[in-house]
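The next block holds one structure in the form of structure tokens; read it before the comments.
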Amino acid sequence: GTINTISDGYALMLYKIRTTYPNAQVYCFTSLEGRTVSGDTTYPIVNSAGDTIHEVNHAITEIAHIFGCKVIDLNTCGIHYWNISSFTTDGTLHPNERGQKVIKETAKQELINEFHNI
9 GTINTISDGY
19 ALMLYKIRTT
29 YPNAQVYCFT
39 SLEGRTVSGD
49 TTYPIVNSAG
59 DTIHEVNHAI
69 TEIAHIFGCK
79 VIDLNTCGIH
89 YWNISSFTTD
99 GTLHPNERGQ
109 KVIKETAKQE
119 LINEFHNI
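Residues in the sequence shown are numbered consecutively from 9, following our numbering.
Structure follows, in structure tokens:
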């Protein structure tokens, strides 16, 4: 089918993962609260489809749950709208080495918490 929205694409991706690897534990990440361009202080950021990052993250969470996937919320990692330029290569969204380490530690702690409670 035609992919018209982020939700369509995300659902198709998880469908393919779940059907190819039905026994896998799948973890999805929410997106960081980025900016459209480095130094831009417009808030909230709206993508070309008119969606805010909060709407995109809500869709990621809902679709992940439909497909039985866990969600790791990156908005709890300490990287946020006002300091994101220190943790990204482009000042907007894509993590640099420092940002990758923060995200890694957040994911690691989430997994430790998840498996510690089993």
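We put the beta carbon where it would ideally sit given N, CA and C, even for glycine.
- Message: Counting beta carbon pairs with one atom in the region 69-79 and one in the region 92-100, are three or more of them shorter than 8 angstroms?
- Response: no
- Message: Measuring only the C-alpha atoms, how far is residue 113 from residue 89?
- Response: 19 angstroms
- Item | Complete alpha helix (DSSP H) runs within the region 58-99 (minimum length 4 residues, chain order) | 61-74
- Message: Which same chain residues end up closer than 8 angstroms to residue 11 when comparing Cβ atoms and leaving out the 5 residues on each side of it in sequence?
- Response: 17, 20
- Item | Three-way DSSP call (helix, strand, coil) for residue 110 in this model | helix
- Item | Proximity of residue 123 and residue 82 at Cβ, strictly below 7 angstroms | no
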